[in-house]
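Protein chains in written order, with our numbering: chain A, 209 to 401; chain B, 9 to 248.
C-beta: ideal position from N, C-alpha, C; glycine also.
Since we're looking at a predicted model, the values are computed, not measured.
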Amino acid sequence: MSIRHALLALLSEGPKYGLQLRQEFEDRTGEVWPLNVGQVYTTLQRLERDGLVESDDTADEGPQKGFRITAEGEDELAAWLRTPPDLSLPPRDELVIKILVAWRVPDVNVHEVIQVHRRYLVELMQQWTRLKEDEAQFDLGFALAVDAELFRLDSVVRWLDTADGRFKRAATEPAHPVAPAMPRLRRRAGVRR
Amino acid sequence: MSVLELRHVSKIYGEGAAQVQAIQDISLSVEAGELVAVMGPSGSGKSTLLTIAGSLEEPTSGQVLVAGTSLLKTSRADRARLRRQTIGYVFQDFNLLPGLTAVENVSLPLELDGLTARKAHAIGLKALQELDLTEQAARFPDELSGGERQRVAIARAVVGNRKLVLADEPSGALDSANGEAVMRMLVAACHRGVASVVVTHDAQLASWANRVVFIRDGRMVDQTMPPPSAESLLRSGPNQ
Numbered sequence: 209m210s211i212r213h214a215l216l217a218l219l220s221e222g223p224k225y226g227l228q229l230r231q232e233f234e235d236r237t238g239e240v241w242p243l244n245v246g247q248v249y250t251t252l253q254r255l256e257r258d259g260l261v262e263s264d265d266t267a268d269e270g271p272q273k274g275f276r277i278t279a280e281g282e283d284e285l286a287a288w289l290r291t292p293p294d295l296s297l298p299p300r301d302e303l304v305i306k307i308l309v310a311w312r313v314p315d316v317n318v319h320e321v322i323q324v325h326r327r328y329l330v331e332l333m334q335q336w337t338r339l340k341e342d343e344a345q346f347d348l349g350f351a352l353a354v355d356a357e358l359f360r361l362d363s364v365v366r367w368l369d370t371a372d373g374r375f376k377r378a379a380t381e382p383a384h385p386v387a388p389a390m391p392r393l394r395r396r397a398g399v400r401r
Numbered sequence: 009m010s011v012l013e014l015r016h017v018s019k020i021y022g023e024g025a026a027q028v029q030a031i032q033d034i035s036l037s038v039e040a041g042e043l044v045a046v047m048g049p050s051g052s053g054k055s056t057l058l059t060i061a062g063s064l065e066e067p068t069s070g071q072v073l074v075a076g077t078s079l080l081k082t083s084r085a086d087r088a089r090l091r092r093q094t095i096g097y098v099f100q101d102f103n104l105l106p107g108l109t110a111v112e113n114v115s116l117p118l119e120l121d122g123l124t125a126r127k128a129h130a131i132g133l134k135a136l137q138e139l140d141l142t143e144q145a146a147r148f149p150d151e152l153s154g155g156e157r158q159r160v161a162i163a164r165a166v167v168g169n170r171k172l173v174l175a176d177e178p179s180g181a182l183d184s185a186n187g188e189a190v191m192r193m194l195v196a197a198c199h200r201g202v203a204s205v206v207v208t209h210d211a212q213l214a215s216w217a218n219r220v221v222f223i224r225d226g227r228m229v230d231q232t233m234p235p236p237s238a239e240s241l242l243r244s245g246p247n248q
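Right, here's the structure in full:
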């Protein structure tokens with residue numbers, strides 16, 4: 209989450225004060241991403257240093273100091289919005305590692321390990337879904353943030369379901385030597401460390 | 009008293025070498041107002057569990073009580089009547105009757121129960137209104153979108169004074185917005201006091217339930233704990 213660009217986006221609507229920026233940031237993200245006021249000021253100072261925002265020189269430092277976006281700031285924001293985040297490298301996923309390890313540890317039932325994680329994820333999803341239930345209190349920003357979280361958790365559950373099925377099939381098929389798939393993948397894709 | 013109670017229910021299909029144990033020793037109670045999701049991979053026995061819960065099929069052993077009564081102990085005619093009055097079914101492929109309009113589909117079970125056609129029609133229309141389907145009432149199933157068809161099917165399942173609604177992959181081929189609409193309707197029915205069991209492999213749908221039961225190879229292997237308040241999610245925040 210780039211606080212820097214989120215603040216630029218808010219300032220693209222017009223000049224604003226620091227405290228106002230914090231409030232609007234939290235409103236837009238449905239309070240899913242709480243932000244402390246210190247983060248807002250540090251970020252604003254850096255944006256000013258980089259020439260992406262300007263402040264009212266007349267006002268004192270503090271909550272009443274106003275900021276506005278510069279032309280460079282608008283260019284930066286437009287470029288950032290269209291730059292895809294780097295999703296090309298598989299992240300080192302702790303859950304994936306646990307399941308791969310569980311499969312190799314003697315006397316550990318990998319299906320039981322998978323179920324522990326599946327239950328935890330579904331319980332988390334139940335909590336997020338509870339937030340969706342009351343549509344009256346559900347603004348667009350909040351809805352999108354909650355949906356994003358649910359789709360992310362759902363994809364992990366789907367991976368666990370697929371892994372469960374693969375392990376089940378592998379148990380009934382004749383064993384074959386471990387293929388060097390992971391090292392090859394790591395060399396090719398350069399897995400993050 | 010639970011609206012649905014399964015006691016040590018097992019179901020075996022076939023005989024001898026061809027024998028398949030579809031579900032094994034499943035016990036489950038569902039209270040009025042509760043929405044329970046049953047999650048499991050295909051072939052895990054979830055659909056069998058639902059047909060047995062709905063008394064559409066007999067278990068090989070164990071007991072099924074709906075509102076305290078074992079429907080299987082009643083005569084065929086009584087069973088059909090009790091099933092129609094007490095249980096609503098929602099299927100993946102909607103199962104609407106093609107020759108009847110949306111409102112006729114919804115009011116049919118009421119007419120079968122002896123209500124006059126006019127009364128049944130009025131109640132059916134009201135059920136459709138509540139689900140925002142007034143405009144679709146006079147249309148035939150093939151004139152409705154997939155999402156509309158499934159909403160009509162749910163209206164049919166909850167109309168009257170049904171105590172139990174059973175749904176098998178109710179949003180099977182629907183997109184996620186329609187899937188969510190379907191789940192919201194079931195949640196609303198539960199808020200009115202209906203008990204509901206939804207079978208699904210979809211975690212996003214299951215997460216609308218008060219309780220999620222996991223089934224694997226015909227056995228119930230786990231279930232979710234009652235969730236803590238959702239407020240805890242907002243306090244922590246994913247990026248903090």
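Residue interval of the beta strand (DSSP E) (run including residue i)
i	result
F275 (chain A)	274-277
G180 (chain B)	Run containing G180 (chain B): none; DSSP gives neither H nor E here.
M47 (chain B)	43-47
K127 (chain B)	Per DSSP, K127 (chain B) belongs to no beta strand (DSSP E); it is in the alpha helix (DSSP H), 125-138.
Q71 (chain B)	69-74
Under 7 Å from the C-beta of residue i: neighbouring residues of chain B
i	result
D362 (chain A)	A211, Q212
T337 (chain A)	S215, W216
Q253 (chain A)	In chain order: nothing, as chain B lies at least about 21 Å away.
V365 (chain A)	A211
E232 (chain A)	Per Cβ cutoff of 7 Å: no residues; E232 (chain A) is ~17 Å from chain B at best.
Cβ-Cβ separation, residue j to residue i (assumed contact under 8 Å), whole Å
i	j	result
L194 (chain B)	I162 (chain B)	7 Å
A165 (chain B)	V98 (chain B)	5 Å
L329 (chain A)	V365 (chain A)	5 Å
S63 (chain B)	R91 (chain B)	6 Å
R170 (chain B)	I60 (chain B)	Going by Cβ atoms, the distance from R170 (chain B) to I60 (chain B) rounds to 18 Å, so no, they are not a contact pair.
N186 (chain B)	G155 (chain B)	4 Å
A310 (chain A)	V316 (chain A)	5 Å
L116 (chain B)	L108 (chain B)	7 Å
G226 (chain A)	L252 (chain A)	6 Å
V375 (chain A)	V318 (chain A)	Correcting the residue identity first, residue 375 (chain A) is Phe in this sequence and not Val. Yes, F375 (chain A) and V318 (chain A) are in contact; Cβ-Cβ is about 5 Å, under 8 Å.
Contact under 9 Å by Cβ, residue i with residue j
i	j	result
V44 (chain B)	A217 (chain B)	yes
A110 (chain B)	Q144 (chain B)	yes
P149 (chain B)	V167 (chain B)	no
A130 (chain B)	E119 (chain B)	no
V220 (chain B)	L172 (chain B)	no
M233 (chain B)	E331 (chain A)	yes
E42 (chain B)	S204 (chain B)	yes
I322 (chain A)	A378 (chain A)	no
S37 (chain B)	E13 (chain B)	yes
G259 (chain A)	K224 (chain A)	no
I34 (chain B)	I223 (chain B)	yes
L289 (chain A)	H325 (chain A)	no
A75 (chain B)	V17 (chain B)	no
L361 (chain A)	W336 (chain A)	yes
D230 (chain B)	R327 (chain A)	yes
R257 (chain A)	G349 (chain A)	no
V89 (chain B)	L80 (chain B)	Note that residue 89 (chain B) is Arg in the sequence shown here, rather than Val. No.
L219 (chain A)	R254 (chain A)	no
Neighbourhood of residue i by C-beta, 8 Å cutoff - its chain only, sequence neighbours within 5 removed
i	result
L243 (chain A)	I211, R230, F233, E234
Q248 (chain B)	For Q248 (chain B), the pLDDT reaches just 37, beneath the cut-off of 50, and the residue's location in the model is therefore unreliable, although a value from the coordinates is still provided. So no residue of the chain qualifies.
Q158 (chain B)	V98, F102, P178, S179, L182, N186, V190
M333 (chain A)	L358, L361, D362, V365
T278 (chain A)	G259, L260, V261, E262
Nonlocal neighbours in the same chain, by C-beta distance under 7 Å from residue i, ignoring five residues either side
i	result
S78 (chain B)	Q71, V72
A217 (chain A)	L285
G398 (chain A)	With a pLDDT of only 48 at G398 (chain A), under 50, the local geometry of the prediction cannot be trusted, and no value is derived from it.
E177 (chain B)	Q100, V207, T208
T142 (chain B)	L136
S153 (chain B)	none
A214 (chain A)	F233
Contacts that residue i makes with chain B (C-beta to C-beta distance below 9 Å)
i	result
T250 (chain A)	Chain B residues near T250 (chain A): none, gap ~16 Å exceeds 9 Å.
L358 (chain A)	A211, Q212, S215
E221 (chain A)	The contacting residues do not exist; E221 (chain A) stays about 23 Å from chain B at best.
G349 (chain A)	Chain B residues near G349 (chain A): none, gap ~13 Å exceeds 9 Å.
N- and C-terminal bounds of the alpha helix (DSSP H) containing residue i
i	result
S184 (chain B)	184-199
Q100 (chain B)	Note, Q100 (chain B): premise wrong, no alpha helix (DSSP H); not H, not E.
S263 (chain A)	First-last for S263 (chain A): 261-263, but that is the beta strand (DSSP E), not the alpha helix (DSSP H).
A145 (chain B)	Taken as a continuous stretch (DSSP letters only), A145 (chain B) belongs to no alpha helix (DSSP H), as it is neither H nor E.
D301 (chain A)	Per DSSP, D301 (chain A) belongs to no alpha helix (DSSP H) and is neither H nor E.
M333 (chain A)	318-341
Other residues of its chain near residue i: CB distance less than 6 Å, five sequence neighbours each side excluded
i	result
G226 (chain B)	Q29, A30, I31, Q32, G53
A40 (chain B)	V11, G201, A203
Chain A residues whose Cβ lies nearer than 7 Å to that of residue i
i	result
D230 (chain B)	Q323, R327
M233 (chain B)	E331
Partner residues on chain A for residue i, Cβ-Cβ distance less than 8 Å
i	result
M193 (chain B)	None at all; the shortest Cβ gap to chain A is about 13 Å.
Beta-carbon neighbours of residue i, restricted to chain D and to distances below 8 Å
i	result
V221 (chain B)	The structure shown has no chain D; the protein chains it does contain are A and B.
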